[in-house]
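*Asks:* To convert, note that position 17 of the sequence shown is 82 in the working numbering; the numbers rise steadily by one, no gaps.
By construction, the Cβ of each residue, glycine as well, lies at the ideal position given by its N, Cα and C atoms.
What you are looking at is a predicted structure, and each value in this text was computed from that prediction instead of being measured.
Pasting in a structure now, in C-alpha cells, and then I'll have a few things to ask.
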Amino acid sequence: MSLTRNLDIASAGGDAAQFLLRPLEISDASSLAAAYRRNREHLAPWEPARDDEFFSTAGQTAVLKGKLDLYEQGTEVPWVLTAGQKILGMITLSGIVRGPFLNANLGYWVDELCTGKGVASGAVAAVVSMAADELGLLRIQAATLAHNAASQAVLKRSGFERIGVAPSYLQIAGEWQDHVLFQRILF
Numbered sequence: 066m067s068l069t070r071n072l073d074i075a076s077a078g079g080d081a082a083q084f085l086l087r088p089l090e091i092s093d094a095s096s097l098a099a100a101y102r103r104n105r106e107h108l109a110p111w112e113p114a115r116d117d118e119f120f121s122t123a124g125q126t127a128v129l130k131g132k133l134d135l136y137e138q139g140t141e142v143p144w145v146l147t148a149g150q151k152i153l154g155m156i157t158l159s160g161i162v163r164g165p166f167l168n169a170n171l172g173y174w175v176d177e178l179c180t181g182k183g184v185a186s187g188a189v190a191a192v193v194s195m196a197a198d199e200l201g202l203l204r205i206q207a208a209t210l211a212h213n214a215a216s217q218a219v220l221k222r223s224g225f226e227r228i229g230v231a232p233s234y235l236q237i238a239g240e241w242q243d244h245v246l247f248q249r250i251l252f
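Structure, rendered in C-alpha cells:
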C-alpha cells in the first residue's frame, strides 16, 4: 500500500509546482510547528482556539504522537504536504470506520502562500484516490464553516456533494459554529 503521492500543480500562468503528499512522521514536529507558527493568523478563523504550546516543537510532538497512535490503530491517516523540506499543509482522514460503514472524515489546511493556487484541490483529489484505492473506503465526509466558500469550492471540485447543515457543529475560533456538511461516495 502506497500512501505517498507526487503532485504537480499548474498555476494560472502555466508554471507547475511540485509537491509531495506523504504520511506524517514524528520527525516532522519541528517543521510542522514552524508551519503552524507561520500560518497562525491565517488558520485562526478556521480552527479551534490554540494555546501557545500547540505552536512549539514539544506541542507538535505530543500532537503527532497522538495522530500516529491513531494511525497504528487504523482510525486515522495523517499526511503532510511538502515542497522540498518545507511543510506547506496537512490533510487527514480521521474517524475511520470499517465494517458496513467504510467511512472517514476529511480535514485539511494549506499554507497561506498556497491558497487559491489549486494546491488544496490537488491534495484532496490525491487523498480521495488513496481512500478508494489504497484504504478501501466507500465514503468520505467533510464539514466546512458556513462562510468558508474557498474550502467548499475545493470539496465541490473534488466531487463532494453538499448534504446539509449542522448547527453549532464544532467549536472554532472559540465559538460554536454552524457547518455545511459534504460527502463523496467513492464507488
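Kindly indicate the opening and closing residues of the alpha helix (DSSP H) around Thr-126.
*Replies:* Within the sequence shown, residue 126 is the residue found at index 61, counting from 1. 122 to 138 is the extent of the alpha helix (DSSP H) around Thr-126.
*Asks:* By Cβ distance, which residues of its chain are closer than 8 Å to Leu-235, with the 5 residues on each side in sequence left out?
*Replies:* Counting from one through the sequence shown, the residue named residue 235 turns up at place 170. Result list for Leu-235: Pro-113, Ala-208, Trp-241, Gln-242, His-244, in chain order.
*Asks:* In the DSSP assignment, what residue or residues form a beta bridge with Trp-111?
*Replies:* Numbered from 1 along the sequence shown, position 46 holds the residue referred to as residue 111. Beta-bridge pairing links Trp-111 to no other residue.
*Asks:* Per DSSP, Ala-211 is paired with what?
*Replies:* Translated into positions along the sequence shown, residue 211 becomes position 146. According to DSSP, which records beta bridges pairwise, Ala-211 is partnered with nothing at all.
*Asks:* Flag this pair as touching only if the segment 160 to 179 and the segment 122 to 132 have three or more C-beta atom pairs under 8 Å; answer yes or no.
*Replies:* Verdict: no, contact absent.
*Asks:* Check this for me: beta carbons of Leu-203 and Ile-250, under 8 Å apart or not?
*Replies:* Your numbering for residue 203 matches position 138 in the sequence shown. Your numbering for residue 250 matches position 185 in the sequence shown. Cβ atoms of Leu-203 and Ile-250: closer than 8 Å.
*Asks:* Excluding the 5 residues preceding and the 5 following Gln-150 in the sequence, name in chain order all residues of the same chain whose CB lies nearer than 8 Å to its CB.
*Replies:* Looking up residue 150 in the sequence shown gives position 85. Cβ neighbours of Gln-150 beyond the five flanking positions: Ser-96.
*Asks:* Identify every residue that forms a DSSP beta bridge with Tyr-173.
*Replies:* Indexing the sequence shown from 1 puts residue 173 at position 108. Paired residues: Ile-156.
*Asks:* Who are the near neighbours of Leu-146 in its chain, counting only those whose CB is closer than 6 Å to its CB and skipping five residues on each side?
*Replies:* Numbered from 1 along the sequence shown, position 81 holds the residue referred to as residue 146. Scanning its chain for C-beta atoms nearer than 6 Å, with the 5 sequence neighbours on each side dropped, one finds around Leu-146 the residues Phe-84, Leu-86, Leu-153, Gly-154, Ala-188, in chain order.
*Asks:* What are the start and end residues of the alpha helix (DSSP H) that includes Gly-187?
*Replies:* To locate residue 187, count along the sequence shown from 1; it is residue 122. Segment 184 to 198, the alpha helix (DSSP H) holding Gly-187.
*Asks:* Let's test the definition: count the other Cβ atoms within 10 Å of the Cβ of Ile-228 and tell me whether it reaches 16, buried, or not, exposed.
*Replies:* Your numbering for residue 228 matches position 163 in the sequence shown. Its Cβ having fewer than 16 others within 10 Å, Ile-228 is exposed.
*Asks:* Give every residue of the same chain whose Cβ lies closer than 8 Å to the Cβ of Gln-248, excluding the five residues on either side of it in the sequence, and list them in chain order.
*Replies:* Residue mapping note: residue 248 aligns to position 183 of the sequence shown, counting from 1. If we look at Gln-248 and ignore the five residues flanking it on each side, its Cβ neighbours are Arg-204, Ile-205, Gln-206, Ala-207, Phe-225, Glu-226, Ile-228.
*Asks:* Going by beta carbon distance, what residues of the same chain come within less than 7 Å of Tyr-136, once the five residues before and after it are set aside?
*Replies:* Taking the first residue of the sequence shown as position 1, residue 136 is located at position 71. Excluding sequence neighbours, Tyr-136 sits near Val-142, Pro-143.
*Asks:* Within a Cβ cutoff of 7 Å, which residues of the same chain sit near Ala-109, ignoring the five residues on either side of it in sequence?
*Replies:* One-based indexing of the sequence shown puts residue 109 at position 44. Ala-238.
*Asks:* For Asp-73, which of helix, strand or coil comes out of DSSP?
*Replies:* By one-based count along the sequence shown, residue 73 stands at place 8. The answer is strand: DSSP assigns Asp-73 an E or B state.
*Asks:* Please check the pair Ala-148 and Ala-82, which I expect to be a contact at CB under 8 Å, by giving their CB distance rounded to whole angstroms.
*Replies:* What you label residue 148 is simply residue 83 of the sequence shown in a count that begins at 1. What you label residue 82 is simply residue 17 of the sequence shown in a count that begins at 1. The pair is a contact, with the Cβ atoms about 7 Å apart (cut-off 8 Å).
*Asks:* Between the alpha carbons of Thr-157 and Trp-174, how many angstroms are there, rounded?
*Replies:* Translated into the one-based positions of the sequence shown, residue 157 becomes position 92. Translated into the one-based positions of the sequence shown, residue 174 becomes position 109. Those two C-alpha atoms are separated by around 9 Å.
*Asks:* Give the range of the alpha helix (DSSP H) segment to which Leu-163 is assigned.
*Replies:* Here the question's residue 163 lines up with position 98 in the sequence shown. Correcting the residue identity first, residue 163 is Arg in this sequence and not Leu. Run containing Arg-163: none; DSSP gives neither H nor E here.
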